Amino acid sequence: MSTDKKRGAKQTSNGEQLAEAVVDGVQDTTLIETRRNQICDAALELFLEKGFASTTIRDICARSGVNQASIYDYIANKNDILRRLLNKLWFRPDVPTLAERLDHSGDTPFADTVADYLHDTWTKKRRGTLLIYRSVPYLQEDDRRAMRARDRAVIEGLAAHLRQRAHLSEEDPRAEVLANLIIFLGAFAPMRDWLNKDVDDEVILRTVSAGVAAMLDQLAQERSAGNLSGKDSA
Numbered sequence: 120m121s122t123d124k125k126r127g128a129k130q131t132s133n134g135e136q137l138a139e140a141v142v143d144g145v146q147d148t149t150l151i152e153t154r155r156n157q158i159c160d161a162a163l164e165l166f167l168e169k170g171f172a173s174t175t176i177r178d179i180c181a182r183s184g185v186n187q188a189s190i191y192d193y194i195a196n197k198n199d200i201l202r203r204l205l206n207k208l209w210f211r212p213d214v215p216t217l218a219e220r221l222d223h224s225g226d227t228p229f230a231d232t233v234a235d236y237l238h239d240t241w242t243k244k245r246r247g248t249l250l251i252y253r254s255v256p257y258l259q260e261d262d263r264r265a266m267r268a269r270d271r272a273v274i275e276g277l278a279a280h281l282r283q284r285a286h287l288s289e290e291d292p293r294a295e296v297l298a299n300l301i302i303f304l305g306a307f308a309p310m311r312d313w314l315n316k317d318v319d320d321e322v323i324l325r326t327v328s329a330g331v332a333a334m335l336d337q338l339a340q341e342r343s344a345g346n347l348s349g350k351d352s353a
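Quick note on numbering: the sequence shown equals residues 120 to 353 in the numbering used here.
So, in structure tokens, the structure goes:
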């Protein structure tokens, strides 16, 4: 089966998820959930081991124990499996964005809120991070658009918080640059942990979050000094 069946999008607190195929070959909802979990768990292991392109449906059936003759009663194709995995691991509603955390942070120091965000991102979303970075080349165009739209919304929401905290103007692009960098740092530990295996996790976490806080403080200091562009005034 090479084409997707009709797909429907999901909504989360972080925005729209990728649209999953509507597959209705089986009426038993409990069985559907069980089989899809088997299929997706097996596919995740294989995608991370072999890569998306090198993994076949036959491989997934062998690893999951789901018969190849019936697998399409539960999923549409490999791309549908990838979407379901990204919705589960990347678009996780139990991992709020940094902007959402800042909305409810009260008097909590900024660096501590950043540390909480990075900790959850580096642990709860670790496999989702590895999967998305390895599978981006294989995303279909509508999925790419959905990912870009969500990333843009997350960056803009965080940039608004950073502008407010550093008292930057709406025209100052540095808040968006820093927001983009912070979100990029969310992939730092999962993607680079092999370089830091001898460094305590808490040391890495506190070092990175302190660096983010220092960058924001620097922007605020430059703004207070009237240096709107981040360059020395003439």
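Backbone N, C-alpha and C define an ideal beta-carbon position, used for all residues, glycine too.
Just so it is clear, the structure is predicted and the values come from calculations on it, not from any experiment.
Margin query: Which complete alpha helix (DSSP H) runs does the region 303-347 hold, if anything under 4 residues is left out?
Written below: 307-311 and 320-343
Next item on the list: Below 8 Å CB to CB, which residues in the same chain sit around T216 once its five sequence neighbours on both sides are set aside?
Entry: N133, Y236, V273, G276 and L277
Next item on the list: Helix, strand or coil for E139, going by three-state DSSP, please let me know.
Entry: strand
Check: If you compare alpha carbons, which of I179, W241 and R282 is closest to L163?
Finding: I179
Item checked: Classification of A285 by the beta-carbon crowding that lies within 10 angstroms, buried from 16 upward -> buried
Notebook entry, point to check: Using a Cβ-Cβ cut-off of 6 Å (strictly less than) and excluding sequence neighbours within five positions of A329, which residues of its own chain qualify?
Noted result: A230
Check: With DSSP run on the structure shown, which of helix, strand or coil describes H286?
Finding: coil
Check: Do R245 and F171 have their CB atoms nearer than 8 Å?
Finding: no
Notebook entry, point to check: Can you tell me whether S121 is buried or exposed, with buried defined as 16 or more other CB within 10 angstroms of its CB?
Noted result: Its pLDDT being 42, under 50, S121 is placed unreliably by the model, and nothing is read from it.
Next item on the list: Report yes or no: do the region 262-272 and the region 314-334 share at least 3 C-beta pairs separated by less than 8 Å?
Entry: no
Margin query: Taking the straight line between their C-alpha atoms, what separation do you get for L297 and M334?
Written below: 8 Å
Notebook entry, point to check: Under a Cβ-count criterion, where at least 16 other Cβ atoms within 10 Å of its own Cβ denotes burial, should T131 be classed as buried or exposed?
Noted result: Summary for T131: the model assigns pLDDT 41, below 50, so the residue's position carries little reliability, and this model does not support an answer.
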